[in-house]
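Below is one structure; the comments refer to it alone.
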Amino acid sequence: MSEANRLAVLGAGAWGTALAIQAARAGNRVTLWARDPEKAAAMRGTRRNPRLPDAVLEGLRVTADAAEALEGASLAVLAVPMQPLRAAVAAMPELPPVVAVAKGVESSSLLLPLEVLAELRPGLPAAVLSGPNFAHEVAAGLPAAAVLASTDPVLRAAACARLATPVS
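Numbering-wise, my numbering comes out as the position in the sequence shown, counting from 1, plus 720.
Okay, structure coming up:
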């Protein structure tokens, strides 16, 4: 059973980590998934990601276990790069509604992120988030804007509400 404020971020690169920090800042209970167990352990120990050395991982958990990251999550931010996206999603357990943040197309098929998701998980509510953002600025809480698009109006509104914070 999912919990309304539990959110999983799948992918612990700079962009995934920045979005995990932002989601925690927005009041979510966030678990960040790193594919590499050693990287996950290091991030848990230092509360930092070497790709964002100035950002502290406050208010979020880090794991290398995808099932643990997704447990109870009502939304997942899929921050896996485009080329390994298909394999990563295929290996994941059941997913809640997803916000994909990968840029580009799958080189072997020329499919976009949501098209790959639709092939692998037909019927899964999905959105895409993109914008002219830099991970270090989002992690630092600097003003930023992005576009979130989905054919599902409920997911669109929920994802915006879960990731946005007021500009101060």
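Beta carbons are placed, not taken as given, at the ideal position from N, Cα and C, and that holds for glycine.
Treat the numbers as computed from the prediction; the structure is a model and nothing was measured.
Val821 and Val782 look like a contact to me (Cβ under 8 Å); what is the Cβ gap, rounded to whole Å?
-> Looking up residue 821 in the sequence shown gives position 101. Looking up residue 782 in the sequence shown gives position 62. Rounded, the Cβ-Cβ distance is 18 Å, inconsistent with contact.
Do the stretch 836-852 and the stretch 798-813 touch if we need at least three Cβ pairs shorter than 8 Å?
-> A contact exists between the stretch 836-852 and the stretch 798-813.
Using the C-alpha atoms, what's the distance from Gly731 back to Thr737?
-> Here residue 737 refers to the residue found at position 17 when the sequence shown is read from its first residue. Here residue 731 refers to the residue found at position 11 when the sequence shown is read from its first residue. Roughly 8 Å between the two C-alpha positions.
Near Ala784, what residues of its chain come up, given a Cβ to Cβ distance below 6 Å and the 5 sequence neighbours on each side ignored?
-> As a working note, residue 784 is residue 64 in the sequence shown. Excluding sequence neighbours, Ala784 sits near Ala754, Pro757, Ala760.
Closest Cα partner of Asn853 within the set Val729, Gln742, Arg726, Ala877 = Start at 1 with the first residue of the sequence shown, and residue 853 comes out as number 133. Of Val729, Gln742, Arg726, Ala877, the residue nearest in Cα terms is Gln742.
Beta carbon of Ala762, beta carbon of Ala855: below 8 Å?
-> As a first step, residue 762 must be located in the sequence shown, where it is residue number 42. As a first step, residue 855 must be located in the sequence shown, where it is residue number 135. No.
If you drop the 5 nearest sequence neighbours on each side, which residues of the same chain put their C-beta closer than 8 Å to that of Asp872?
-> Locating residue 872 in the sequence shown gives position 152, counting from the first residue. Taken in chain order, the residues that qualify are Pro817, Pro845, Ala846, Ala847.
Along the alpha helix (DSSP H) that carries Arg745, what are the first and last residues, could you check?
-> Counted from its first residue, the sequence shown places residue 745 at position 25. That run of the alpha helix (DSSP H) goes 734-745.
Return helix, strand or coil for Val750, following the three-state DSSP convention.
-> Counting from 1 along the sequence shown, the entry for residue 750 is found at position 30. Looking at Val750 - three-state DSSP - the assignment turns out to be strand.
Determine the contact status of Ala744 and Leu790, defining contact as a CB-CB distance below 8 Å.
-> As a first step, residue 744 must be located in the sequence shown, where it is residue number 24. As a first step, residue 790 must be located in the sequence shown, where it is residue number 70. A distance of 8 Å or more separates the beta carbons of Ala744 and Leu790.
Beta-bridge pairing of Glu723 - partner residues as DSSP gives them = The count along the sequence shown starts at 1 and reaches residue 723 at position 3. Looking at the DSSP assignment, Glu723 forms a beta bridge with Ala793.
Does the distance from the C-beta atom of Ala799 to that of Val874 stay below 8 Å?
-> For this step, residue 799 is matched to residue 79 along the sequence shown. For this step, residue 874 is matched to residue 154 along the sequence shown. No. Outside cutoff.
Compare the beta carbon distance of Gln803 and Ser827 with 8 Å and say whether it is the shorter of the two.
-> In the sequence shown, the residue the question calls residue 803 occupies position 83. In the sequence shown, the residue the question calls residue 827 occupies position 107. Yes, the Cβ-Cβ distance between Gln803 and Ser827 is below 8 Å.
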